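Numbering (my numbering) for the sequence shown: 60 to 195.
The structure under discussion appears below in the form of structure tokens.
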Amino acid sequence: MVTGLFSLQAHAGSEDFGNYTVLWSVLPSTFLAPEVAEANNLQRSKGIGIVNIAIMKENENGSLSPVSGQVEGKVSNDIQQVRFLAFRRIQEGDAVYFIAEYQYSSGQLMTFNITARPTGHQQDLALRFAHTLFSD
């Protein structure tokens with residue numbers, strides 16, 4: 060179960076794109092329960108962060124439903140070293156997540172440039188956010 064990725068300890072946000080909303084969260088991999096990490100083939104280690112993306116579509120009643128699609132992106136540190144993110148799609152029931160691991164140094168500002176494209180949608184949804192993680 061990856062639902063643990065949207066924990067209270069994670070730094071999270073969202074960006075609205077009309078009928079779509081992209082949700083994101085960032086957390087140290089050590090925040091994952093060992094069984095969650097193992098079940099999803101994620102490494103729990105100081106210096107490894109997890110970025111979690113979910114694409115949501117607004118329904119006629121105003122509620123949001125998860126949709127599939129493609130997510131890609133890169134992360135850069137404060138001295139502009141860029142690493143591409145290898146997102147994996149995970150589905151749990153109706154929930155769909157895209158997760159990637161990345162390396163960080165404690166206290167270092169990391170900037171994420173993410174592109175999400177919902178299935179059947181012709182336009183990329185681009186978002187940019189920055190966050191600093193600290194090793195526990």
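Cβ coordinates follow ideal geometry from the N, Cα and C atoms, glycine included.
Quick caveat, the model's predicted, so the values are computed rather than measured.
Please state the DSSP three-state secondary structure of residue i.
i, result
"A96", "helix"
"F188", "strand"
"S165", "coil"
"F157", "strand"
"T170", "strand"
"F90", "helix"
"F143", "strand"
"N78", "coil"
"M60", "At M60, the pLDDT of 39 sits below 50, so the modelled position is not reliable; the number obtained from the coordinates is stated separately. Coil."
Ordered along the chain, which non-local residues of its own chain (more than five positions away) have a Cβ less than 6 Å from that of residue i?
i, result
"F65", "Note on F65: pLDDT 46, under 50, position unreliable in the model; the coordinate value appears next. Closer than 6 Å at the Cβ level, and outside the excluded window around F65, lie S84."
Measuring CB to CB, does residue i end up less than 9 Å from residue j?
i, j, result
"N198", "S135", "The question about residue 198 has no answer, for the chain in this structure spans 60 to 195."
"F157", "A175", "yes"
Could you name the residues of the same chain whose beta carbon sits closer than 8 Å to that of residue i, not counting the 5 residues immediately before and after it, in chain order?
i, result
"A108", "Residue identity check: residue 108 is Gly in the sequence provided, not Ala. Excluding residues within five positions, the ones whose Cβ falls inside 8 Å are V85, L86, P87, S88, E160, Y161, Q162, Y163, M169 and L192."
By Cβ distance, which residues of its chain are closer than 7 Å to residue i, with the 5 residues on each side in sequence left out?
i, result
"R103", "S88, T89, L91, P93 and A96"
"D153", "P125"
The stretch 145-162 contacting the stretch 125-137, beta-carbon criterion three pairs below 8 Å:
Verdict: yes, contact present.
State whether the stretch 115-124 contacts the stretch 164-176, with contact taken as three or more CB pairs (one from each stretch) at a distance under 8 Å.
The stretch 115-124 is not in contact with the stretch 164-176.
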